[in-house]
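Right, one structure below, let's go through it.
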């Protein structure tokens, strides 16, 4: 494992901007989009070597914490906070159209995922005892409440930290991880038309604790306590023999995002640094000490990027 991990590294591509980046979507080995605070969007068409930055006109104070891109022209972004916003571009970010707005302060959008180019979902914090789930069937043009929203326990919430507390495996399967007073995995199977709730062996209790991210294959979960980000106890778990198992030798502190790289290799990241596992989550090794919020792999290809505070963008090589 050590020899493999030593070959893996993260190179800082950009940094020094007064923005926080939490939205990241990697389309292929050339095209990627990021989104963040102060209404900021950026795109690359050369694998991260150069970036085209912009503030979305009319939304300069928005915090775009999640983004889903389909090409170098088409992308959907959501804004956390008030008002809750969803915008879409069809021309590479030159123009953005408002597709959803809610000024109710109870609405706080956390994450977004698409099953395909048409069907997508947005997760928001609980309202009236249920997690808010919005659904689109036309590529983000229109959004409506999901017909079956999951029950939320008292003091339970989701974290808009990396856009990966929600994963959409297909139009018939959704997976959510939560935190706060409880830490759970909520999975939805359209055939059964019900949500299955599973308690997770990760730190919880205070509002800053819990599960923050689940891998796209639903096998590795990371989180921790973002207010005490160097605490290593109970920050991750992995799926084994039909249940999520606590990791004894886990990542080095709080992790806000996790991504499957290939096979049993997963990359996780957070403010204390980034970590790698090559055995499906059983053991981890820190490979970088820089702070990032999110890591994502290309939907089609091998490009893996990271993004975080101060406009930092990193390239993971393996």
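Residue numbers (full-length UniProt numbering): 1 to 318.
Yeah, the Cβ is synthetic: ideal placement off N, Cα and C, and Gly gets one too.
Note that the structure is predicted; figures quoted are calculated from it, not measured.
Could you tell me which residues DSSP puts in a beta bridge with residue 34?
-> Along the chain shown, one-based indexing puts residue 34 at 34. Beta-bridge annotation (DSSP): residue 34 is paired with 24 and 42.
CB contact flag (residue 321, residue 163, <8 Å) | No answer is possible for residue 321: it lies beyond the span of the chain, which begins at 1 and ends at 318.
Can you check whether the CB of residue 113 is closer than 8 Å to the CB of residue 100?
-> Your numbering for residue 100 matches position 100 in the chain shown. Your numbering for residue 113 matches position 113 in the chain shown. The answer is no: Cβ separation not under 8 Å.
Under the three-state reduction of DSSP, which class applies to residue 297: helix, strand or coil?
-> What you label residue 297 is simply residue 297 of the chain shown in a count that begins at 1. Of the three classes helix, strand and coil, the one that applies to residue 297 here is strand, per DSSP.
Test item: CB-CB of residue 144 and residue 154 under 8 Å | Residue mapping note: residue 144 aligns to position 144 of the chain shown, counting from 1. Residue mapping note: residue 154 aligns to position 154 of the chain shown, counting from 1. No.
Beta-carbon gap between residue 262 and residue 275 smaller than 8 Å | Taking the chain shown and counting its residues from 1, one reaches residue 262 at position 262. Taking the chain shown and counting its residues from 1, one reaches residue 275 at position 275. Taking a C-beta distance under 8 Å as the contact criterion, residue 262 and residue 275 do not qualify as a contact pair.
Less than 8 Å separating the beta-carbons of residue 12 and residue 290?
-> Counting from 1 along the chain shown, the entry for residue 12 is found at position 12. Counting from 1 along the chain shown, the entry for residue 290 is found at position 290. Result yes, Cβ atoms of residue 12 and residue 290 sit closer than 8 Å.
Pairwise C-alpha distance: residue 78 and residue 234 = Locating residue 234 in the chain shown gives position 234, where the first residue counts as 1. Locating residue 78 in the chain shown gives position 78, where the first residue counts as 1. Going by the C-alpha atoms only, they are around 30 Å apart.
Could you name the residues that DSSP lists as bridge partners for residue 131?
-> Position 131 of the chain shown, counted from the start, is the residue given in the question as residue 131. 126, per the DSSP bridge assignment.
Assign residue 8 to buried or exposed, taking buried as 16 or more other Cβ atoms, counted over all protein chains shown, within 10 Å of its Cβ.
-> Taking the first residue of the chain shown as 1, we reach residue 8 at position 8. Buried.
Could you tell me the boundaries of the beta strand (DSSP E) in which residue 282 lies?
-> Along the chain shown, read from residue 1 onward, the residue named residue 282 stands at position 282. Here residue 282 belongs to no beta strand (DSSP E), and DSSP marks it neither H nor E.
Report the three-state DSSP secondary structure of residue 226 (helix, strand or coil).
-> Numbered from 1 along the chain shown, position 226 holds the residue referred to as residue 226. Secondary structure of residue 226 (DSSP, three-state): helix.
For residue 149, three-class secondary structure by DSSP = Counted from its first residue, the chain shown places residue 149 at position 149. Three-state result, residue 149: coil.
Based on the DSSP secondary-structure assignment, which residues constitute the bridge partners of residue 101?
-> Translated into the one-based positions of the chain shown, residue 101 becomes position 101. Its beta-bridge partners are 85.
Roughly how many angstroms lie between the CA atoms of residue 133 and residue 188, to the nearest whole one?
-> The residue given as residue 133 occupies position 133 in the chain shown. The residue given as residue 188 occupies position 188 in the chain shown. If I take the Cα positions, the gap works out to 12 Å.
Best match in 109, 131 and 306 for proximity to residue 81 [C-alpha to C-alpha] | Sequence index remark: in the chain shown, residue 81 carries index 81 (1-based). Among 109, 131 and 306, the Cα nearest to that of residue 81 belongs to 109.
State the Cα-Cα distance for the pair residue 305 and residue 102, rounded to the nearest angstrom.
-> Numbered from 1 along the chain shown, position 305 holds the residue referred to as residue 305. Numbered from 1 along the chain shown, position 102 holds the residue referred to as residue 102. The straight-line gap separating the alpha-carbon atoms of residue 305 and residue 102 is approximately 31 Å.
Would you mind working out which of 183, 199, 241 and 191 sits nearest residue 208, comparing C-alpha positions?
-> Along the chain shown, read from residue 1 onward, the residue named residue 208 stands at position 208. When each option's Cα is compared against that of residue 208, the closest is 183.
Mapping DSSP to helix, strand and coil, what is residue 316?
-> The sequence position of residue 316 within the chain shown is 316, counting from 1. Look at residue 316 here: in three-state DSSP terms it is strand.
Pick from 315, 309, 310 and 311 that is closest to residue 303, judged by C-alpha positions | One-based indexing of the chain shown puts residue 303 at position 303. That would be 315, whose Cα lies nearest to the Cα of residue 303.
Does the beta-carbon distance from residue 115 to residue 123 come in below 8 Å?
-> Within the chain shown, residue 115 is the residue found at index 115, counting from 1. Within the chain shown, residue 123 is the residue found at index 123, counting from 1. No; because the gap between Cβ atoms is not below 8 Å, this pair is not in contact.
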